[in-house]
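Participant: Just passing along the structure, written as structure tokens.
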Amino acid sequence: MAFERMRTLSPDRLDGVSIYSTTLWHLKKEVDLSYLAQQVTSHKTSPEAWCVAGNCFSLQKEHDVALDFFTRYVSNEDFDKAVACFRQALRVDPRHYNAWCGLGTIYFKQEKLAVADYHFGRAVAINPHSSLLHCFRGVVLHALTKDDDALAALDTALALNATNLVARYHKADIFVAHGRLDEALVELHRVEAAAPKDYTVHFTLGSVYTKLVREPCLMFVSLLYLTS
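In short: position in the sequence shown from 1, add 220, done, that's the numbering used here.
Here it is as structure tokens:
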């Protein structure tokens with residue numbers, strides 16, 4: 221292949237690596253894809269390397285690891301290049317759920333929430349056993365204020381993987397938004413037990429406890445005012 225000749229002549233060149241790795245994924249060439257992943261390890265901080273790693277782990281059925289690498293690929297925020305790569309992947313294989321997820325992540329970052337939900341929904345339909353995909357969709361649904369649907373998605377994520385701390389934290393966040401503080405505390409303490417050094421959890425716990433203390437105080441003040 222022309223791309224293989226280019227890699228031989230210029231092994232440090234990354235142009236087209238993302239699309240080439242997606243082609244290898246579609247052709248199920250696990251050995252070639254693993255070799256390509258090893259070749260780009262010297263560029264392990266580049267978004268192209270993350271895309272190659274994502275395709276490699278996806279072909280090896282390590283779906284959650286693959287999604288982590290694709291999320292890193294998108295976090296580079298070179299959205300035009302990422303969108304082109306993911307759309308090319310879908311032209312090659314419309315059931316490439318990682319590409320649907322990648323596009324959903326980009327549209328979420330761009331605050332195109334309904335479009336993001338559509339793409340995450342397609343990813344979930346293809347791979348309904350991924351805890352991370354259900355979690356991602358739950359976050360988007362919460363942003364769309366569809367909180368009943370969001371909780372259902374997060375519950376599914378936790379049923380598939382009880383150690384999904386991101387899903388548990390976002391579930392607590394929804395409970396807080398609806399004043400279900402005791403339920404929020406249950407979820408937050410579970411996250412705290414698994415990630416005791418996460419300052420975000422401690423901050424949220426403090427906020428919830430402040431609300432729990434403040435409400436009885438406000439009720440007491442109101443009672444004094446009414447009886448005075």
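Where is the CB? At the ideal position from N, CA and C, for every residue including glycine.
Near A363, what residues of its chain come up, given a Cβ to Cβ distance below 6 Å and the 5 sequence neighbours on each side ignored?
Facilitator: So the qualifying residues of the chain are L333.
Participant: Determine the extent of the alpha helix (DSSP H) in which H349 is found, giving its start and end residues.
Facilitator: Element bounds for H349: n/a, residue is neither H nor E.
Participant: Let me make sure I understand the geometry here. Which of A404, A336, E331, K329 has the alpha-carbon closest to that of W320?
Facilitator: A336
Participant: With 16 as the cutoff for other CB atoms within 10 Å, does F328 come out buried or exposed?
Facilitator: buried
Participant: Please classify H354 as buried or exposed, where buried requires at least 16 other C-beta atoms within 10 Å of its C-beta.
Facilitator: buried
Participant: Could you tell me which of F395, A382, W245, V260 sits nearest to V312, measuring between CA atoms?
Facilitator: W245
Participant: Distance check for A273 and Y240, CA to CA, integer angstroms please.
Facilitator: Y240 and A273: Cα-Cα distance of roughly 12 Å.
Participant: For F290, count the other beta carbons within 10 Å of its own beta carbon; 16 or more makes it buried, fewer makes it exposed. Which is it?
Facilitator: Per the 10 Å Cβ criterion, buried.
Participant: Out of D300, F299, A343, V285, state which residue places its alpha-carbon closest to the alpha-carbon of L477.
Facilitator: Absent from the structure is residue 477, since the part of the chain shown begins at 221 and ends at 448.
Participant: Among F299, H390, N347, which residue has its Cα nearest to the Cα of D284?
Facilitator: N347
Participant: Fully enclosed by the stretch 378-415, which alpha helix (DSSP H) runs are 4 residues long or longer?
Facilitator: 385-397, 401-414
Participant: Taking buried to mean at least 16 other C-beta atoms within 10 Å of its own C-beta, is E331 buried or exposed?
Facilitator: exposed
Participant: With DSSP collapsed to three states, give me the class of L287.
Facilitator: helix
Participant: Closest to R189 by CA distance: which of A257, T243, K249, S350 is it?
Facilitator: This structure gives no information on residue 189, because the portion of the chain shown stretches from 221 to 448.
Participant: Expressed to the nearest angstrom, what Euclidean distance is found between the alpha-carbon atoms of R388 and A286?
Facilitator: 21 Å
Participant: So is R315 buried or exposed if we call it buried at 16+ other beta carbons inside 10 Å?
Facilitator: exposed
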